[in-house]
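Participant:
Residue numbers (the numbering used here): 21 to 223.
Listed below in structure tokens is the structure:
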């Protein structure tokens, strides 16, 4: 999480360095009547900043394809609007994570099924609630960068977004562990013969 923030911060600093001297060498009057050079400079810098932030939105979705970490990031990206939402894929993913697509295969008892459904429902509500908070924080960041922003204010929002997304992933993984604990030793053996951690988020 810290690494992602410092990458974003480095990008912002680099943009400020590129936008300043490069545009300062241009002559006046390029923005047309009523627009002085300094306002053009700031407007150009803001546009570059927003493009950079947009490009960094899915920078975390670059794990080894098929890995649990990649699937977790894909889920986070879809929930927070950084990737197109695929409802059918999301539902299938959630059922698989909580073993509800293999009730007969694993020989799950009725009380186990009820417990797994409860874990899944609680996890889904938490995911959607946190994803909504992330979207609001991203809107706030967009609004901030459209105005006269400061680095301190931008840093607070960047850190808030990173923390919310990190918390979402940790709580989701905790739910996955809780679901695994519902299985009996015999069911775990059946699972081990047909599954792997990398396949938890596959359809």
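Glycine included, each C-beta is placed from N, C-alpha and C at the ideal position.
Quick caveat: nothing in here was measured; it's all calculated off a predicted structure.
(1) Exposed or buried, what is residue 159 when buried is set at 16 or more other beta-carbons lying within 10 Å of its beta-carbon?
(2) With DSSP run on the structure shown, which of helix, strand or coil describes residue 106?
(3) Look at the Cβ atom of residue 146, then the Cβ atom of residue 116, and state whether they are nearer than 8 Å.
(4) Take residue 114 and list the residues in its own chain whose beta-carbon comes closer than 7 Å to its own, dropping the five residues that flank it on each side.
(5) Compare the beta carbon distance of residue 208 and residue 136 with 8 Å and say whether it is the shorter of the two.
(6) Quick test of the definition: if touching needs 3 or more C-beta pairs under 8 Å, does the segment 85-102 touch the segment 149-164?
(7) To the nearest angstrom, report how far apart residue 127 and residue 193 are at their CA atoms.
(8) Have a look at residue 39 and residue 183 and give me their C-alpha separation to the nearest angstrom.
(9) Do you know whose CA, among 200, 197 and 150, lies nearest residue 187's CA?
(10) Give the DSSP-derived three-state secondary structure of residue 163 in the structure shown.
(11) Quick check on DSSP: helix, strand or coil for residue 118?
(12) Could you name the residues of the same chain whose beta carbon sits closer than 8 Å to that of residue 142, not counting the 5 residues immediately before and after it, in chain order?
(13) For residue 165 and residue 174, which I take to be in contact (beta-carbon distance under 8 Å), what is that distance rounded to the nearest angstrom?
(14) Quick check on the burial criterion: 16 or more other C-beta atoms within 10 angstroms. Buried or exposed for residue 172?
(15) When the Cα atoms are used, what is the spatial distance from residue 138 to residue 199?
Facilitator: Put simply:
(1) exposed
(2) coil
(3) no
(4) 140 and 144
(5) no
(6) yes
(7) 24 Å
(8) With a pLDDT of only 42 at residue 39, under 50, the local geometry of the prediction cannot be trusted, and no value is derived from it.
(9) 150
(10) helix
(11) coil
(12) 195
(13) 7 Å
(14) exposed
(15) 10 Å
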